[in-house]
Every structure is written in structure tokens, then in C-alpha cells.
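Novice:
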Amino acid sequence: MDTQDSLYSTDPPLSMPSTPPWLQNFINFIQVGKITLILVLSWSSGRAFAAGGDIVALYRFIKEGNMEACKEMARTVYSFIYLLGTYYKPHVALLNGITMGGGGGISIPGTFRVATDKTVFAIPEVLIGFHPDAAASFYLSRLPGHLGEYLALTGEKLNGVEMVACGLATHYSLLARLPLIEEQLGKLVTDDPSVIETTLEQYSDLVQPDGSSVLQRLEIVDKCFCHDTVEEIVVALEVAASETKDAWCISTLNRLKKASPLSLKVSLRSILEGRFQTLDQCLLREYRMTLQAISRQISNDFCEGVRARVVDKDMAPKWDPPTLEKVSQDMVDQYFLPLSEFEPDLELPTKSRETFLNRTLRRKLKHVVDFT
1 MDTQDSLYST DPPLSMPSTP PWLQNFINFI QVGKITLILV LSWSSGRAFA
51 AGGDIVALYR FIKEGNMEAC KEMARTVYSF IYLLGTYYKP HVALLNGITM
101 GGGGGISIPG TFRVATDKTV FAIPEVLIGF HPDAAASFYL SRLPGHLGEY
151 LALTGEKLNG VEMVACGLAT HYSLLARLPL IEEQLGKLVT DDPSVIETTL
201 EQYSDLVQPD GSSVLQRLEI VDKCFCHDTV EEIVVALEVA ASETKDAWCI
251 STLNRLKKAS PLSLKVSLRS ILEGRFQTLD QCLLREYRMT LQAISRQISN
301 DFCEGVRARV VDKDMAPKWD PPTLEKVSQD MVDQYFLPLS EFEPDLELPT
351 KSRETFLNRT LRRKLKHVVD FT
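Letter 333 of the sequence shown, counting from 1, is numbered 333 in UniProt numbering, and no numbers are missing.
1. Which residue comes first and which comes last in the beta strand (DSSP E) that contains residue 92?
2. Given a cut-off of 9 Å on the beta-carbon distance, is the pair residue 104 and residue 126 in contact?
3. Determine, using beta carbons only, whether residue 312 and residue 260 come nearer to each other than 9 Å.
4. Is it the case that the stretch 137-144 contacts the stretch 174-193, given that we only count it when at least three CB pairs across the two stretches are under 8 Å?
5. Relative to the C-alpha of residue 110, which candidate in 93, 123 and 133 has its C-alpha closest?
6. For residue 311, report the span of its alpha helix (DSSP H) as first-last.
7. Would you mind sorting residue 25 into buried or exposed? The rule is 16 or more other CB atoms within 10 Å of its CB.
8. Confirm, please, whether the CB-CB distance from residue 271 to residue 145 is below 9 Å.
9. Buried or exposed: where does residue 226 fall if 16 or more other Cβ atoms within 10 Å of its Cβ makes it buried?
10. For residue 285, name the three-state secondary structure that DSSP assigns.
11. Taking residue 265 and residue 230 to be in contact with their CB atoms under 8 Å, please state how far apart those CB atoms are, rounded to whole angstroms.
12. In whole angstroms, what is the alpha-carbon distance linking residue 329 and residue 296?
13. What are the residues that DSSP puts in a beta bridge with residue 39?
14. Does the pairing of the stretch 304-322 with the stretch 180-187 give three or more beta-carbon distances under 8 Å?
15. Using DSSP with H/G/I as helix, E/B as strand and the rest coil, what is residue 337?
16. Could you check if residue 212 is buried or exposed, using at least 16 other CB atoms within 10 Å of its CB as the buried criterion?
17. From the DSSP output, in three-state form, read off residue 323 for me.
18. Does the Cβ of residue 316 have 16 or more other Cβ atoms within 10 Å, making it buried, or fewer, making it exposed?
19. Quick check on DSSP: helix, strand or coil for residue 207?
20. Excluding the 5 residues preceding and the 5 following residue 114 in the sequence, name in chain order all residues of the same chain whose CB lies nearer than 8 Å to its CB.
21. Residue 81 and residue 165 look like a contact to me (Cβ under 8 Å); what is the Cβ gap, rounded to whole Å?
22. Mark residue 100 as exposed unless 16 or more other C-beta atoms lie within 10 angstroms of its C-beta, in which case mark it buried.
23. Compute the beta-carbon to beta-carbon distance between residue 250 and residue 241, rounded to the nearest angstrom, for a pair I have assumed lies under 8 Å.
24. Under 8 Å by Cβ, that's how I've got residue 215 and residue 286 pegged, so tell me the actual separation to the nearest angstrom.
25. Run the proximity test for residue 317: is its beta-carbon closer than 8 Å to any non-hydrogen atom belonging to the ligand ADP?
26. Per DSSP, which one or two residues make a beta bridge with residue 159?
27. List in chain order: all unbroken beta strand (DSSP E) runs of 3+ residues lying wholly within the stretch 62-115.
28. Indicate whether residue 268 and residue 252 have their beta-carbon atoms separated by less than 9 Å.
29. Please identify the residue among 112, 157 and 143 whose C-alpha is closest to the C-alpha of residue 124.
30. Who are residue 172's beta bridge partners in DSSP?
31. With 16 as the cutoff for other CB atoms within 10 Å, does residue 210 come out buried or exposed?
32. Please classify residue 206 as buried or exposed, where buried requires at least 16 neighbouring CB atoms within 10 angstroms.
33. Less than 9 Å separating the beta-carbons of residue 62 and residue 220?
34. How should residue 198 be labelled, buried or exposed, when 16 other C-beta atoms within 10 angstroms of its C-beta is the threshold for buried?
35. In three-state DSSP terms, what is residue 274?
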């Protein structure tokens, strides 16, 4: 981070209870405009940018009965994502390894995202009884056609090439070049996005997804995932499988059968609503949904999903309700209700950030999606 003074803000620094010192320092720099370029690094570990560690932490807090820690964790992550996503200075994320959960949230709303030959992106929350959070309902809903619904409901993976092709990433480079990219970015003394983009393009490759990619099947993805209910999506896939004998349709149906039925319905509605909401509105809704999921008042699917797929790894979660038919509309609706008067809602610094949102939205995804 370049800490040159480039903007003075009269807004006081955002403060959150129990905020980690590193995050509070970053928030303070953002509030007084002392950051010229934000660089999110993931390559140094050589394995994963974010592989769902936040989900495991939530699970452990729930088991310990520490719900306040769960809420504080969600508030901190979502607030951080909002600040990064609406900051008016360039934001470069170097993505490598597994990128999911909070890793996607702090990267994809940024100005530039560099994927590599080792990048693996996924939104597998429905497979653990959760929902696409950390701003996923915001950026997935803005992908071409109904690709966002497909990714949210199946949890399927995308590689680095596919991320660039659909707009989740802006540039593609080999892993071996990332240290050089970081070095060159560190030498820049400007916050001009065009200069930064020129630097990135010097180390980027033009790539196209191969014939096996889901991006070569966008027509059938749109045809099957354009519906407003999960049941209609399932029927569309069954009809397509019957008519075409396409193994992809059968494989996709099997993916849906592995997911929590409640999570499927909640997640689809989240993506549909996210398409017409701003970043702060999506994060506020996701926060409410997260609190509902971890409360276990409607279902224990989140804890059961994490237990089965991450903790015990028996891969045999017992979903409740067990089928789509037994998931009532009332159960789904409760995930989207405002919190009770005794439960503090997520508070984001919208007054000081929202003025930059419309401009940055168009700039950050201009490479693929036309927002006009």
C-alpha cells in the first residue's frame, strides 16, 4: 500500500468493536484517503487465497455457543468488503490457488483481478447448507446471462481462464510472473487506472476457455437457469437431459441433489434480488441471511453441512428439510426479513462511500459486462 497523502476526508475513521488492529489501521488509512493503490496478494502461500477458513471459524464459534463472535466476524468481513468495493482508488487482486468465500469478496468487486494457471474459483456454499455471502450475491448476479445462478446453485469450479472469460477476473498471467507483477506495481507512483492496466497487460496473456468449459454451454445454462424457482430449474434440466442425452445436464442435476434443498431456494432468491441491489444492499441482506443460518432456528443445515464436508468429511450430510418439496415458502421468507428490534443490523459507512459506487461499478467490470 502506498501511504502518500492524496485526499483529505473530514469523515471520522470507521470504528468497529473488537476490530483486528491490522483492519482498523487499514480503515483509518481509507477514511483519510492515504492509500493510492490497494494490492491484495495471494500468491505467496502457493496454495490458496481463501479456502473457506471463515466458514470453519463460524462453525466452531457456533459449537462453543459464542454467537457474538459469529456476528462480529460477519460484521468485520462485510464492512471490509464494502470499504474495498467502494473505494475510489485502484484495487488490484492477484489471485492464485483456491479462491472462494471472503477471498472472492475482497477481490472481485475490485478494479483489477489477475487470475493464473493455478487459480480455482468456486461458490460451494449450498453444499454446506449456507448461502453465497461476502458480496457473492452482488457479483454473481452481474455475470453474463444466468451463469451466476448456475455457479451459486451447483458450486462448480472455474479455472483462471474461465474467470477472465466471464468477467470475474480482468487479466490472466502465469503464476511464475506474479512476483514480477507485484514488483512492477510497487514501483508505480500513480493511481491512474490506465497506467496500472498497461502494467498488468505487459505480463498478461490472451486466453480462451477450451471446449469442455461451461462457458461453451451458456445457451443451455441460460435456458435451464433462467427460472425463478429451483423446481423449475430442475425440470428444465431433466427435459434437456431427456432430449439431448447430454452428460452435462445429468452431471448438473446430480450436483443439485447433493446440495441443501433449503440453501438452494434461499441462494436462488438471493441472486435474483442481488441483481437489482447495490453492494451495500446486498451485504446488508447477506448479513441478515447469515444470522438466520447460524441461529439454527429454521434449520441446522449449516452446521450439518460443515460437519459432513469439512470436519468429519463423511460427505453424507443429513439435510433438514430433506427435499425441495418440504422447504416451505415461509422458511425461505424468514431469511430475508429484517432483524428484530433487539438485534443490531449491519451498519456500513454508506454516506461517505456511496458517492463512488456507480462510477466504480462501471469501471471495475467494464472488461466484460455492459451496465448501460
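Cβ coordinates follow ideal geometry from the N, Cα and C atoms, glycine included.
Specialist: A quick look at the data gives this:
1. Here the beta strand (DSSP E) through residue 92 covers 91-94.
2. Taking 9 Å as the Cβ cut-off, residue 104 and residue 126 do not qualify as a contacting pair.
3. No. Outside cutoff.
4. As far as the Cβ criterion goes, the stretch 174-193 does not touch the stretch 137-144, which means the pair count is below three.
5. Ranking 93, 123 and 133 by CA distance to the CA of residue 110 puts 93 first.
6. No alpha helix (DSSP H) contains residue 311, which DSSP labels as neither H nor E.
7. Per the 10 Å Cβ criterion, exposed.
8. In this structure, residue 271 does not lie closer than 9 Å to residue 145 by Cβ.
9. Residue 226 should be labelled exposed.
10. DSSP places residue 285 in helix when its eight states are reduced to three.
11. That belief holds up - the Cβ atoms of residue 265 and residue 230 are roughly 5 Å apart, short of 8 Å.
12. Cα-Cα distance, rounded: 17 Å.
13. Answer by DSSP bridge pairing, in chain order: 92.
14. Taking one beta carbon from each stretch, the stretch 304-322 and the stretch 180-187 have fewer than 3 pairs nearer than 8 Å; the two do not touch.
15. Residue 337: coil per DSSP, three-state reduction.
16. It counts as exposed.
17. Residue 323: coil per DSSP, three-state reduction.
18. The residue in question, residue 316, is exposed, as its Cβ has fewer than 16 Cβ neighbours within 10 Å.
19. Coil.
20. Spatial neighbours of residue 114 in its own chain (CB-CB distance under 8 Å, excluding positions within 5 residues in sequence) are listed in chain order as 92, 93, 94, 95, 169, 170, 171, 172, 173, 178, 181, 200 and 204.
21. That belief does not hold up - the Cβ atoms of residue 81 and residue 165 are roughly 24 Å apart, past 8 Å.
22. With 16 or more other Cβ atoms within 10 Å, it is buried.
23. That belief holds up - the Cβ atoms of residue 250 and residue 241 are roughly 5 Å apart, short of 8 Å.
24. Not a contact, Cβ separation roughly 26 Å.
25. Of ligands this structure carries none, so the ligand ADP is not represented either.
26. Looking at the DSSP assignment, residue 159 forms a beta bridge with 120.
27. Fully enclosed beta strand (DSSP E) runs of 3 or longer: 91-94 and 112-115.
28. Not a contact, by the Cβ cut-off of 9 Å.
29. Per the Cα distances, 157.
30. DSSP, once it has assigned bridges, lists 115 as partnering residue 172.
31. Exposed, since its Cβ has fewer than 16 Cβ neighbours within 10 Å.
32. Exposed.
33. If you check the CB distance, residue 62 and residue 220 do not come in under 9 Å.
34. Residue 198 comes out exposed.
35. Helix at residue 274.
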